[in-house]
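Line order of the protein sequences matches chains G and U.
Quick note on numbering that gives the first Met the number 0: the first sequence kicks off at 0 and runs consecutively.
Quick note on numbering that gives the first Met the number 0: the second sequence kicks off at 0 and runs consecutively.
We put the beta carbon where it would ideally sit given N, CA and C, even for glycine.
What follows is a set of notes on a single structure, which appears directly below.
Number of protein chains: 2
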Amino acid sequence: MTDEPLAFLPPRHDHDACIADALDRAERLCADRGERLTELRRRVLELVWSGHAPQGAYDILDALGQTRGRVAPPTVYRALDFLQAQGLIHRIESLNAFIGCPAPERRHSGHFFICRRCRTAAELDARAIDRAIDREAGRLGFVIEQRTVELLGLCAPCREAEATAAPGPTGRA
Amino acid sequence: MTDEPLAFLPPRHDHDACIADALDRAERLCADRGERLTELRRRVLELVWSGHAPQGAYDILDALGQTRGRVAPPTVYRALDFLQAQGLIHRIESLNAFIGCPAPERRHSGHFFICRRCRTAAELDARAIDRAIDREAGRLGFVIEQRTVELLGLCAPCREAEATAAPGPTGRA
DNA sequence: ATCAAGAATGTTATTTTATAACATGCTGCC
DNA sequence: GGCAGCATGTTATAAAATAACATTCTTGAT
């Protein structure tokens, strides 16, 4: 009924492997498409993948500024635009932020479950949700061009943590 | 299976009635709750309801500026915050804009179908969509606190118009 | 190798959206 | 009438995004 390419990963996992995998796939995907994954774009993608929490454009800008000298907003936004156009990242509208896509090979719009506590976002490939949406669109004669499905709340570990006491967030990679 | 309080209204309808109805219900709802629908808040709500297209905060600010003199952003944002807290308006995340809620009496998060051409947004009460989402949340053990479901595309009239030639938008109220 | 065309990046300035912090004013209650 | 709490006004600034133009890099044709 539903495939979950990633959903919520355990708080502590080998995140370097996530990054390496994402970059590898991006390389291959761009090569296949004849697109150029330049050093800058690669670096921005890497920064977006620095965790499983959505990253703001200015977070990335600041991080870029660490290695390269002074960087201006358009530099980052253009890279983000490219990555988004290639389906390598998704924009989270409700957070003005970006997150790496775990399945960039197939074009899709994701469904995001985002924890307000640990800030982790899980992208689901929930066909059932799209089907329900498509049915409504059909009834209206509406042609969908862009989907935004973002659910904010508490992931299971954080819900428990918040139920018990209320110490710091889980601190997922 | 689905109730549609409004869906897409015909392009030309008695929109003054929409506004009057929205304001009436807001008055009653606030009275019932012991909340104060002040002149300012009422006026901002009226401006949000100036059409069935989402309005930006600064659009409202400018419109307010016409009648009252100089108005500063916090004035508008505070009124919008209040209206949102009372469920009288919804925020459309993907547009940074606000739209009147056709069914403020019952707390809910809406599902929005937004036409990129005529800019009309229809709020559906599509239980089937929420059910599909709830099922996924259940599988994850995720507790949803805030839903954002926004579908951008073309409404039926605009799709036809765009198929034929490509003149101006429908111009819905 | 050289050059031209197009793509990518750099640079500067500005726009758009939103909030912080503090002052003033209004309203209802005692 | 005074005060407590809410609402609004005011000033300044933060945060997010883009416009417009300059420069550099890449690639393919010659």
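Report all residues from its chain with a CB closer than 6 Å to the CB of Ala62(G); omit the five preceding and five following residues, and keep chain order.
Walking along the first sequence from the start, residue 62(G) turns up at place 63. Counting only Cβ-Cβ distances below 6 Å, and skipping sequence neighbours, we find Leu46.
Taking Ile106(G) as the reference, give the member of Cys114(G), Glu92(G), Arg116(G) and Asp124(G) with the closest Cα.
Taking the first sequence and counting its residues from 1, one reaches residue 106(G) at position 107. It is worth fixing the name first, because residue 106(G) is Arg in this sequence and not Ile. Out of Cys114(G), Glu92(G), Arg116(G) and Asp124(G), Asp124(G) has the C-alpha closest to the C-alpha of Arg106(G).
Please name the residues in the stretch 134-157 of chain G whose beta-carbon is closer than 7 Å to at least one beta-carbon of chain U, in chain order.
Arg134, Glu135, Ala136, Leu139, Gly140, Phe141, Val142, Ile143, Glu144, Gln145, Arg146, Thr147, Val148, Glu149, Leu150, Leu151, Gly152, Leu153, Cys154 and Ala155
By how many angstroms is the C-alpha of Ala96(U) removed from the C-alpha of Ala78(U)?
Mapped onto the second sequence, residue 78(U) falls at position 79. Mapped onto the second sequence, residue 96(U) falls at position 97. Whole-angstrom Cα-Cα distance: 14 Å.
According to DSSP, Arg146(U) sits in a beta bridge with which residue or residues?
Counted from its first residue, the second sequence places residue 146(U) at position 147. Answer is Leu150(G), bridged to Arg146(U).
Got a sec: which bits of the stretch 14-39 of chain G sit with their beta carbon under 9 Å from any beta carbon on chain U, in order along the chain?
none
Using 10 angstroms around the beta-carbon of Pro9(G), count the other beta-carbons present and answer buried if the total reaches 16, otherwise exposed.
Your numbering for residue 9(G) matches position 10 in the first sequence. So Pro9(G) ends up on the exposed side.
Reduced DSSP secondary structure (H/G/I, E/B, other) of Cys225(U):
Since the first and last residues shown for chain U are 0 and 172, residue 225(U) lies out of range.
Taking the alpha-carbon positions, what's the Ser108(U) to Gly33(G) distance?
Taking the first residue of the second sequence as 1, we reach residue 108(U) at position 109. Taking the first residue of the first sequence as 1, we reach residue 33(G) at position 34. Spanning the two alpha carbons is a distance of roughly 42 Å.
Residues near Tyr57(U) by beta carbon distance below 6 Å, same chain, minus five either side:
Here the question's residue 57(U) lines up with position 58 in the second sequence. Excluding sequence neighbours, Tyr57(U) sits near nothing in its chain.
Across which residues does DSSP place Gln65(G) in a beta bridge pair?
Looking up residue 65(G) in the first sequence gives position 66. In DSSP, Gln65(G) forms no bridge with anything.
At 4 residues or longer, and completely inside the stretch 23-75 of chain U: list those alpha helix (DSSP H) runs for me, N to C.
38-47 and 56-66
Within the 8 Å Cβ cut-off, does Leu8(U) reach chain G?
Here residue 8(U) is taken as the residue at index 9 of the second sequence, counted from 1. Taking Cβ atoms only, chain G never reaches closer than 8 Å to Leu8(U), which makes this a no.
Which residues of the stretch 85-118 of chain G have a Cβ closer than 8 Å to any Cβ of chain U? Give them in chain order.
Glu92, Ser93, His110, Phe112, Cys114 and Arg115
Looking at the strands, I want to know which residues DSSP matches up with His12(G).
Taking the first sequence and counting its residues from 1, the one referred to as residue 12(G) is at position 13. Partner(s): none; His12(G) has no beta bridge.
Against chain U, with Cβ distances strictly below 8 Å, would Leu63(G) count as a contact?
Here residue 63(G) corresponds to residue number 64 of the first sequence, with the count starting at 1. It does not: the Cβ of Leu63(G) has no partner Cβ on chain U nearer than 8 Å.
If you measure between the beta carbons of Ala121(U) and Phe112(U), is that distance less than 8 Å?
Taking the second sequence and counting its residues from 1, the one referred to as residue 121(U) is at position 122. Taking the second sequence and counting its residues from 1, the one referred to as residue 112(U) is at position 113. Against a cut-off of 8 Å, the Cβ pair of Phe112(U) and Ala121(U) comes out as a contact.
What are the boundary residues of the alpha helix (DSSP H) that Gly109(U) is part of?
On the second sequence, position 110 is the one that residue 109(U) refers to. Here Gly109(U) belongs to no alpha helix (DSSP H), and DSSP marks it neither H nor E.
Using a Cβ-Cβ distance under 8 Å, would Thr169(G) count as near chain U?
What you label residue 169(G) is simply residue 170 of the first sequence in a count that begins at 1. With a pLDDT of only 49 at Thr169(G), under 50, the local geometry of the prediction cannot be trusted, and the value read off the model is given with reservation. So no, Thr169(G) is outside the interface.
Hey, could you find the ends of the alpha helix (DSSP H) Gly99(U) is sitting in?
As a first step, residue 99(U) is located in the second sequence; it is residue number 100 there, counting from the start. Here Gly99(U) belongs to no alpha helix (DSSP H); instead the beta strand (DSSP E) covers Ala96 to Gly99.
Going by DSSP, what residue range makes up the alpha helix (DSSP H) through Asp133(U)?
Counted from its first residue, the second sequence places residue 133(U) at position 134. Arg126 to Leu139 is the span of the alpha helix (DSSP H), which, as asked, contains Asp133(U).
Where Ala160(U) meets chain G, residues with beta-carbon distance less than 9 Å:
In the second sequence, the residue the question calls residue 160(U) occupies position 161. Chain G residues near Ala160(U): none, gap ~12 Å exceeds 9 Å.
Just verifying my parser: in three-state terms, what is the DSSP assignment at Leu87(U)?
Within the second sequence, the letter at position 88 stands for residue 87(U). Here Leu87(U) sits in coil by DSSP.
On the criterion of 16 or more Cβ atoms from any shown chain inside 10 Å, does Asp2(G) qualify as buried, or is it exposed?
Here residue 2(G) is taken as the residue at index 3 of the first sequence, counted from 1. Here Asp2(G) scores only 44 on pLDDT, less than 50, and its place in the model is too uncertain to base an answer on.
Using the Cα positions of Ile18(G) and Cys154(U), report the straight-line distance between them to the nearest angstrom.
For the purposes of this step, residue 18(G) is taken as the residue at position 19 of the first sequence. For the purposes of this step, residue 154(U) is taken as the residue at position 155 of the second sequence. Those two C-alpha atoms are separated by around 40 Å.
Where Arg11(G) and His51(G) are concerned, what is the direct C-alpha to C-alpha distance, given to the nearest angstrom?
Against the first sequence, residue 11(G) aligns to sequence position 12. Against the first sequence, residue 51(G) aligns to sequence position 52. Straight-line Cα distance between these residues: approximately 11 Å.
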